[in-house]
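Single-structure report; data block below.
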Amino acid sequence: MSDILDPQTTAEAAPELVEAEQEATGTVSQVDAAEPEAPAEPAGPTFLDLGLDARVLAAVEDLGYTRPSPIQEATIPLLLDGRDVVGLAQTGTGKTGAFALPALSRLAETTDVTGRADTPQVLALAPTRELALQVADAFDSYAKHLDDVSVLAIYGGSPYGPQLAGLRRGAQVVVGTPGRVIDHLERGSLDLSDLQTLVLDEADEMLRMGFAEEVDRILASTPDTKQTALFSATMPPAIRRISAQYLNAPEEMAVARQSTTSATIRQRYLQVGHQWKFEALSRILETEEHDGVIAFVRTRAGTEELAQKLTRAGFKAVAISGDIAQKQREKTVEDLKAGRVDILVATDVAARGLDVERISLVVNYDIPQDAESYVHRIGRTGRAGRQGDAVLFMTPRERFLLKQIERTTRQQVEEMAVPSVADVNAARKRRFADGITRTLERASEEELAVFGEIVAAYVDEHEVEPARVAAALGMMAQGGRPLLAREQEIPSGGGRGRKDRDGGREGGRDGGRERGASDGRGSRGPAREPAAGNATYWIAVGHQDRVRPGNIVGALANEVGLPASAIGAIDLRGNHSLVELPADLTSAQLEAAANAEINGRRLGLRKDTGRPTRAERDGEDRGERRGGFRKDRGERGERGGFRGDRDGGQRGGYRKDRDDRGSREDRGGFRKDRDDRSFRGDRRGRPGGRKPRWGAQERSDRGARR
11 MSDILDPQTT AEAAPELVEA EQEATGTVSQ VDAAEPEAPA EPAGPTFLDL
61 GLDARVLAAV EDLGYTRPSP IQEATIPLLL DGRDVVGLAQ TGTGKTGAFA
111 LPALSRLAET TDVTGRADTP QVLALAPTRE LALQVADAFD SYAKHLDDVS
161 VLAIYGGSPY GPQLAGLRRG AQVVVGTPGR VIDHLERGSL DLSDLQTLVL
211 DEADEMLRMG FAEEVDRILA STPDTKQTAL FSATMPPAIR RISAQYLNAP
261 EEMAVARQST TSATIRQRYL QVGHQWKFEA LSRILETEEH DGVIAFVRTR
311 AGTEELAQKL TRAGFKAVAI SGDIAQKQRE KTVEDLKAGR VDILVATDVA
361 ARGLDVERIS LVVNYDIPQD AESYVHRIGR TGRAGRQGDA VLFMTPRERF
411 LLKQIERTTR QQVEEMAVPS VADVNAARKR RFADGITRTL ERASEEELAV
461 FGEIVAAYVD EHEVEPARVA AALGMMAQGG RPLLAREQEI PSGGGRGRKD
511 RDGGREGGRD GGRERGASDG RGSRGPAREP AAGNATYWIA VGHQDRVRPG
561 NIVGALANEV GLPASAIGAI DLRGNHSLVE LPADLTSAQL EAAANAEING
611 RRLGLRKDTG RPTRAERDGE DRGERRGGFR KDRGERGERG GFRGDRDGGQ
661 RGGYRKDRDD RGSREDRGGF RKDRDDRSFR GDRRGRPGGR KPRWGAQERS
711 DRGARR
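Numbered by the working numbering, the letters in the sequence shown go through residues 11 to 716 in order.
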């Protein structure tokens, strides 16, 4: 519920707020996220003072909220007056309530006068299905006393049947992802002709995921008389364009603060090589006292892998990702709240809106690719004045991401050392001793007497020291597992980073989805192997289809249900592209991805084999080649096939620039130093000898040399 309404005072809500840009077009009002030092009576209005419909207000009171957050206080009166609004605020500020409460109040007013509408009156767009479900749940909660209002969520990756049935029954509030909304518009199943309110939630994230075209189409399909509310954490040019083109003299409300992270969160980082991350995490969990823990990783496969490792190590851990069913997600969160689970391994999308009081440690097991994700992650702890810890794992080549985080949050993240084996063993001994103490405190005298007699009799019969008997009992309690860890040194992330290997380039443009500048022949993105747990997939769209990486991200996120963080490098080619995705996609996800469309063309997603088919070769420019991510190849003429790095005569791997290899006259054909190959002999002067395999011009040149 943290993303809906914050029940705490605005001062307590302040750690989640962000500094919004000042230069937005239109009328801009600045809202201070922090209240003055606590007076006897909290300053500011209550929800009762904002003019909400009495039935909506009753639902708010049922949820235990009395005072609005700053963004709610600023925007609700404007939206109730029918104004268009741009709200610059981040997740955790109560922005869902800022648009849902006035939208429902206006809808209730209209329904009282004209009766129940059969077509949607409110449409809220969200970038992901998880956020769409969360927003729909919020609308449901606030509409509990509105008898004539029904709420429907429509999103990719779910069957059309229930969504079509809900639209036919006449849902007044529809919350959806852009791609699925477009699908229903094209089917004629979604009628927006009488739309009263349109909301764009997390608009910057929506555009970042490649939904700009879909958003434009949806906005163009709505009546000019509608009210529009746009909420975004930032104000990039694309958001300014939408505001100027589609909103009517919007009032812009910006929630600002000096820092985007809470002062109640201790932030630390650990520089360690990838292969040592799990060992380092285990030591931290064993040596530091924490209650609930969330460990963030980038991919769904990563959540499962880490959760399994933690479980095998004796921790109560479970994975949660964007593709799990909502009921399973709810059960997992309840288990975490109840203490049946101590560690939640999650992706960014899966953890949206998660508010569990006992979370005291957030682990960035995989470093986030942007500072905003980092703020979202660590905001799961240190809430409502409680102390929290955040630990960031990074390799040396990821240090630039740490610098970005520090610049954005305006806070320095302190370095920490990996706990030593001695620290781990001391903690294990302490826990074992604590277990003895708890047993002595909980056991009855009768139970202790029974075992005491057994031990005393054993000591007398075998003439051994009681301490040795106690030690044997301790080994029995361990079940054959060693109590103490073996000495093992963890390097502090040493070794060559990418900068050393790749001639100074440290990470991709965004550190994650690496998309280097196009080389002019369709290849896009640096040479690389898929990350652990990922694989390279082939899709049937490319440059000639006027496809951008954002379109691919949007299609996969919307139709397949993949979080943007699970989509890796994208390599755009002429008539196809290569994209890095989790290696263990389900058959349903593979089918959905294969049938998804971009610009009317099916993706036809399949795993990349590393070699092109003849049809694929014939369908593209001869300068392009399929399979794998490659660097600039230089001028190659019309030669086909897949060849490795030939510098020094070596084969295999990715090609480098071939311009420095000399002419064919120097090389004598495709292979180096043919005259030295005694097992074939010199064929140059032999009648009937094998013809060289190059083109006509090369043959002519060869004849001239003869």
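Every residue gets a Cβ at the ideal spot worked out from N, C-alpha and C, and that includes glycine.
Among the options, nearest to residue i - alpha-carbon criterion
i	options	result
residue 89	411, 238, 380 and 226	238
residue 219	567, 598 and 582	567
residue 359	141, 252, 341 and 378	141
residue 148	612, 183, 448 and 609	183
residue 427	143, 59 and 289	289
residue 174	129, 145 and 144	129
residue 551	369, 589, 573 and 302	589
residue 279	251, 409 and 152	409
residue 597	580, 612 and 617	617
residue 57	73, 63 and 78	78
residue 365	103, 255 and 55	103
residue 131	204, 63 and 301	204
residue 150	73, 349 and 198	73
Beta-carbon gap between residue i and residue j smaller than 9 Å
i	j	result
residue 445	residue 487	yes
residue 562	residue 614	no
residue 240	residue 264	no
residue 554	residue 605	no
residue 405	residue 576	no
residue 433	residue 403	no
residue 361	residue 330	yes
residue 276	residue 352	no
residue 368	residue 341	no
residue 84	residue 92	no
residue 440	residue 493	no
residue 243	residue 480	no
residue 81	residue 108	yes
Distance between residue j and residue i (C-alpha atoms, nearest Å)
i	j	result
residue 139	residue 571	7 Å
residue 95	residue 111	14 Å
residue 296	residue 281	19 Å
residue 65	residue 323	51 Å
residue 387	residue 374	8 Å
residue 583	residue 160	46 Å
residue 200	residue 209	16 Å
residue 71	residue 155	12 Å
residue 385	residue 262	23 Å
residue 540	residue 546	7 Å
residue 216	residue 222	7 Å
residue 273	residue 397	9 Å
residue 181	residue 600	31 Å
residue 286	residue 436	21 Å
residue 225	residue 253	12 Å
residue 594	residue 312	10 Å
residue 462	residue 443	18 Å
residue 195	residue 544	34 Å
residue 476	residue 496	27 Å
residue 211	residue 451	54 Å
residue 471	residue 447	28 Å
residue 603	residue 234	35 Å
residue 453	residue 86	58 Å
residue 75	residue 157	22 Å
residue 465	residue 474	10 Å
residue 381	residue 293	26 Å
residue 489	residue 145	48 Å
residue 516	residue 407	Confidence in residue 516 is poor, its pLDDT being 33 and thus under 50, which makes the residue's placement unreliable; the coordinate value appears in the next sentence. Each residue's Cα considered, the two are about 6 Å apart.
residue 54	residue 62	16 Å
residue 389	residue 420	15 Å
residue 355	residue 608	32 Å
Residue i beta carbon near the ligand FAD (any heavy atom closer than 8 Å)
i	result
residue 121	Of the ligands one can find in the structure shown there are none, so the ligand FAD has no counterpart to examine.
Item to check | the segment 133–141 touching the segment 174–193, judged by at least three CB pairs closer than 8 Å | outcome: yes
Next on the checklist: Below 8 Å, how does it come out for the segment 241–258 and the segment 162–182: are there three or more Cβ pairs, yes or no?
Outcome noted: no
Next on the checklist: Using 8 Å as the cut-off, can you tell me whether the segment 415–432 makes contact with the segment 306–313, which would need three or more C-beta pairs spanning the two stretches below that distance?
Outcome noted: no
Checklist entry - Could you give the uninterrupted runs of the alpha helix (DSSP H) lying entirely in the segment 223–287, keeping only those of 4 residues or more? => result 247–256
Checklist entry - Which residue spans inside the segment 381–460 form an unbroken alpha helix (DSSP H) run of at least 4? => result 381–388, 409–419 and 431–452
Item to check | Entirely enclosed beta strand (DSSP E) segments - the segment 85–119, minimum 3 residues | outcome: 95–98
Checklist entry - Residue ranges of each alpha helix (DSSP H) run of no fewer than 4 residues wholly in the segment 120–194, ordered along the chain? => result 139–152 and 170–179
Checklist entry - Where in the segment 307–360 do unbroken runs of the alpha helix (DSSP H), each at least 4 residues long, occur, reported from the N-terminal end onward? => result Counting only runs of 4 or more, we get 310–322 and 336–348.
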